[in-house]
Amino acid sequence: SSPHLQTYNERAQRHANKAARALLRVMEEKQSNLSVSVDVTKSKDFFDIIEAVGPHVCLIKTHIDILEDFDPTVIDRLRELSEKHKFLIFEDRKFADIVPWHCSIQKGSTRSQDWAHITNAHAVPGPSIITGLASVGIPKDRGLILLAEMSSKGALTTGSYTEDAVRMARARRDFVIGFIAQHRMEGIGASDTDNIAGEDFLVLAPGVGLDATGDAMGQQYRTPEQVVFESGCDVIIVGRGIYGKGENVDTREVLKQAQRYQAAGWEAYKKRVQR
Ligand code: S5P
Numbered sequence: 015s016s017p018h019l020q021t022y023n024e025r026a027q028r029h030a031n032k033a034a035r036a037l038l039r040v041m042e043e044k045q046s047n048l049s050v051s052v053d054v055t056k057s058k059d060f061f062d063i064i065e066a067v068g069p070h071v072c073l074i075k076t077h078i079d080i081l082e083d084f085d086p087t088v089i090d091r092l093r094e095l096s097e098k099h100k101f102l103i104f105e106d107r108k109f110a111d112i113v114p115w116h117c118s119i120q121k122g123s124t125r126s127q128d129w130a131h132i133t134n135a136h137a138v139p140g141p142s143i144i145t146g147l148a149s150v151g152i153p154k155d156r157g158l159i160l161l162a163e164m165s166s167k168g169a170l171t172t173g174s175y176t177e178d179a180v181r182m183a184r185a186r187r188d189f190v191i192g193f194i195a196q197h198r199m200e201g202i203g204a205s206d207t208d209n210i211a212g213e214d215f216l217v218l219a220p221g222v223g224l225d226a227t228g229d230a231m232g233q234q235y236r237t238p239e240q241v242v243f244e245s246g247c248d249v250i251i252v253g254r255g256i257y258g259k260g261e262n263v264d265t266r267e268v269l270k271q272a273q274r275y276q277a278a279g280w281e282a283y284k285k286r287v288q289r
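According to my numbering, the stretch in the sequence shown is residues 15 to 289, in order.
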């Protein structure tokens, strides 16, 4: 059966990429398909949120370069928390350049290749972006996510662009583990001669909210039920729905929201894989 009808556990046993296997195992173990996107600018708020949500997430998504008070100890602490609470780390760097520059960025001041199990890239530069990041990521058992569909209003990531992104991923299934997208993607853009048996792309969906339908800047939200059950995505990415403004965070409220999204995401998944 197609991957979105299989359990995370079944998929963990078969997946070709180590980071994907680890993520799927953690999802099953913690009964969580929730990734919290920690888009705050002060490291105190950053860690307060991660400490609160850590037991309830499979993945912490970072934009590490928005921390105003970043220093290398941030990474040490993030890695400690990743082990303590058993979550993987996804640096949402959205690489989109020619090869030399994104390789340099990965080795630069934040050294994301050393600590982020997963990172992502736009498909717009073409297949070289995958080759370049794979040369750095494969030796460290990392996984790459391609942006195949964006959540923002008017996004250009539609139709043949999305299909081409999936084709690029299909050619590097050892390294590209899935997509940022709003729908399941297996088989998309495949010709009759393509071997898509065993293809298992993880779909991570941002733009998830239980209370709002969007923000004032073009973000669009759907519910975990719509994203996971109706559209077959695997991981829900939630930011402001969990931590609000992200300043002087109320950790009890953050915990409450994380539990609420974890429950909603898991319920939608159970409903999907029920046979
Ligand atoms: O299409 C996208 C892709 C991404 S990675 N739309 C998105 O919103 N994102 C990211 O998901 C975005 O960079 C942000 O970190 C998060 C959504 O945050 P929220 O506060 O709107 O839930």
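Here a beta-carbon is modelled for each residue, glycine too, at the ideal position from N, C-alpha and C.
Rounded to whole angstroms, the gap between the alpha carbons of Asp225 and Gly258 is 11 Å. When secondary structure is reduced to three states using DSSP, Ala26 falls in the helix class. In this structure, Pro238 and Ala282 form a Cβ contact; the two beta carbons are roughly 5 Å apart against a cut-off of 8 Å.
Each residue's CA atom was taken as its position, placing Asn262 and Asp59 some 6 Å apart. By the criterion of a C-beta distance shorter than 7 Å, Ile89 is surrounded in its chain by Trp129, once the five residues flanking it on both sides are discounted. With a 10 Å radius around the Cβ and a threshold of 16 neighbouring Cβ atoms, Thr171 comes out buried. Distances taken from the Cβ of Ser166 to the heavy atoms of the ligand S5P include one shorter than 7 Å. If you keep only unbroken beta strand (DSSP E) runs of at least 3 residues inside the stretch 41 to 118, you get 48 to 51, 73 to 76 and 102 to 109.
Per the DSSP secondary-structure output, Thr133 pairs in a beta bridge with Glu105 and Leu158.
A Cβ-Cβ distance of about 11 Å is found for the pair Gly192 and Leu161, leaving them out of contact under the 8 Å criterion.
Ser166 is positioned such that its CB atom lies no closer than 8 Å to that of Gly255.
Between the alpha carbons of Gly203 and Asp178 lies a distance of about 7 Å. Between Ser96 and Gly253, the gap from beta carbon to beta carbon reaches 8 Å or more.
As computed with DSSP, Ile194 is found in a beta bridge with Leu161 and Leu218. Not one heavy atom of the ligand S5P lies closer than 7 Å to the C-beta of Gln276.
Taking 8 Å as the upper bound for CB-CB distance, Thr133 and Ile78 are not in contact here, some 11 Å apart. With fewer than 16 other Cβ atoms from the protein chains shown falling within 10 Å of its own Cβ, Asn23 counts as exposed.
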